[in-house]
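Engineer:
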Amino acid sequence: MARDAAGRGRNRVTREQPAVGPRVLLVEDEPALRRALADMLDGNGYVVETCGDGAVALRMANERGYDLILLDVMLPSVDGYEVAAGLRQRGVHASILMLTARDELSDKVLGLKSGADDYLTKPFEAEELLARMEALLRRVSRGRTPELARYDFGGMRADFSNRKLIRRGDTVDLSEQESRLLQYLVEHRGESVITRDTLLREVWGYESVPITRTVDVHIAWLRQKIEADPKSPRFIITVHGRGYRFAG
Ligand code: CA
């Protein structure tokens, strides 16, 4: 993004600094509880963003990368189960901890089936919430192999840690999926073809691969950001009928 006037860029400088703690999306429609939890998490070193609506949560979690999502079940517009299922369908891998006022077994099972990693029944103590969050975050960091933090190609820099693309002085945000997809392509740049099935398994985490246009749609979005001419791409090359390869 161009800094068009002196001083205007100042806010962006702070945005470029590394976040101090894990990034958390708190989805809770009860304003007082939302504020209290956000303050408590903030006080414990988490970088917290909040919303009180299921549809907004879906959009935020899809567009912005979070390490963990605290998800109330009973929400306006789209409930927590649907949010969790929708996020998993879109390949969002953030840990999801469901907060439910109900403690019937069927609800817990439904929560876990819909893609949540853990659940906590209201009311709960702050200590218990923090302990569960830490456990989930540890689980994720243990399972993660060291990843490429950034990659320079074609006069651009892909900054995977911050999900940004720096292109001729402009900074373009990458969605979580775009960043993961580009990172995977870059990490496998020597290969003659990376199939859609491989991408769905490795980037989206599908075990049995569904018939979906997800990969092509995300490739198209990514090309809009990295290719000078998305119609005749230089970096993400289509391998006809098979998949893609990265040439950068
Ligand atoms: Ca609620």
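Okay, so the sequence shown: first residue is 5 according to the working numbering, each after it adds one. Virtual Cβ for every residue (Gly too), placed ideally from N, Cα, C.
(1) Note down, in chain order, each residue of its chain lying with its Cβ closer than 8 Å to the Cβ of G253, except the 5 sequence neighbours on either side.
(2) How big is the Cα-Cα spacing for A139 and L103?
(3) How many Å lie between G56 and P80 at the Cα?
(4) From the DSSP output, in three-state form, read off V60 for me.
(5) Distance check for V190 and V82, CA to CA, integer angstroms please.
(6) Is L79 close to ligand 1? I mean its beta-carbon at under 7 Å from any heavy atom of the ligand.
(7) Between which two residues does the alpha helix (DSSP H) carrying T202 extend?
(8) Just to confirm my understanding: we take G58, look at its own chain, exclude 5 residues before and 5 after, and list those with CB closer than 8 Å. What are they?
(9) On a CA-only basis, which of I241, R167, R217 is nearest R227? Give me that one, please.
(10) Quick check: the Cα distance between T149 and R205, rounded to an integer number of angstroms?
(11) Mind checking S99: buried by the 16 CB within 10 Å criterion, or exposed?
(12) Return the CA-CA distance between I73 and L101, expressed in angstroms with no decimal places.
(13) Looking at C-alpha atoms only, which residue of E180, F164, M160 is the closest neighbour of A153?
(14) Taking only heavy atoms of ligand 1 into account, decide whether any of them is closer than 7 Å to the Cβ of D57.
(15) Would you say V221 and L203 are within 8 Å of each other, going by their C-beta atoms?
(16) Excluding the 5 residues preceding and the 5 following H244 in the sequence, name in chain order all residues of the same chain whose CB lies nearer than 8 Å to its CB.
(17) Quick check: what's the CA-CA separation for T175 versus A232?
(18) Within 10 angstroms of its Cβ, does I215 collect 16 or more other Cβ (buried), or is it exposed?
(19) Would you kindly work out how many angstroms separate the C-alpha atoms of Y248 and E195, rounded to a whole number?
(20) Would you verify that the beta carbon of E32 is, or is not, closer than 8 Å to some beta carbon of chain B?
(21) Report yes if the C-beta distance between V60 and V28 is below 8 Å; otherwise report no.
(22) Could you round the C-beta distance between G209 and G95 to whole angstroms and report it? I think they count as a contact, below 8 Å.
(23) What does the Cβ neighbour count give for R172, buried or exposed, with the cut at 16 atoms within 10 Å?
(24) Where does the unbroken beta strand (DSSP E) through V28 begin, and where does it stop?
(25) Using CA coordinates, which residue listed in S212, A224, D201 is at the minimum distance from R246?
(26) If contacts are defined as beta-carbon pairs under 8 Å, then L62 and G90 qualify, I think. What distance do you get, rounded to the angstrom?
Structural biologist: The answer reads as follows:
(1) In the structure displayed, the chain extends from 5 to 252; residue 253 sits before or after that span and is not available.
(2) The straight-line gap from Cα to Cα measures roughly 16 Å.
(3) Cα to Cα, G56 sits roughly 8 Å from P80.
(4) DSSP places V60 in helix when its eight states are reduced to three.
(5) Whole-angstrom Cα-Cα distance: 36 Å.
(6) Checking every heavy atom of ligand 1 against the Cβ of L79, one is found closer than 7 Å.
(7) Element bounds for T202: 200–206.
(8) Cβ neighbours of G58 beyond the five flanking positions: V31, L79, P80, S81, V82, D83, G84, E86, V87.
(9) The candidate whose alpha carbon is nearest that of R227 is I241.
(10) The pLDDT assigned to T149 is 48, lower than 50, so where the model puts this residue is not dependable; a value taken from the coordinates is nonetheless given after this. Our two residues, T149 and R205, have alpha carbons roughly 16 Å apart in a direct line.
(11) Sixteen is the threshold: when 16 or more other Cβ atoms of the shown chains lie within 10 Å of the Cβ of S99, as they do, the residue is buried.
(12) As the crow flies, the alpha-carbon of I73 is around 6 Å from that of L101.
(13) The shortest CA-to-CA distance from A153 to any of E180, F164, M160 is the one to F164.
(14) No, since every heavy atom of ligand 1 falls outside the 7 Å radius drawn around the Cβ of D57.
(15) No.
(16) Closer than 8 Å at Cβ, skipping near neighbours: no residue.
(17) Across the structure, T175 and A232 are spaced so that their CA atoms are roughly 15 Å apart.
(18) Only exposed fits I215, as fewer than 16 other CB atoms lie within 10 angstroms of its CB.
(19) So the alpha carbons of these two residues sit roughly 9 Å apart.
(20) This model lacks chain B altogether, as it is built from one protein chain only.
(21) No; because the gap between Cβ atoms is not below 8 Å, this pair is not in contact.
(22) In this structure G209 is in contact with G95, their Cβ atoms being roughly 6 Å apart against a cut-off of 8 Å.
(23) Burial is judged here by how many other beta carbons sit within 10 angstroms of a residue's own beta carbon; R172 has fewer than 16 and is exposed.
(24) V28 -> beta strand (DSSP E) spans 27–31.
(25) The option with the nearest alpha carbon to R246 is D201.
(26) With a Cβ gap of about 5 Å, L62 and G90 count as contacting.
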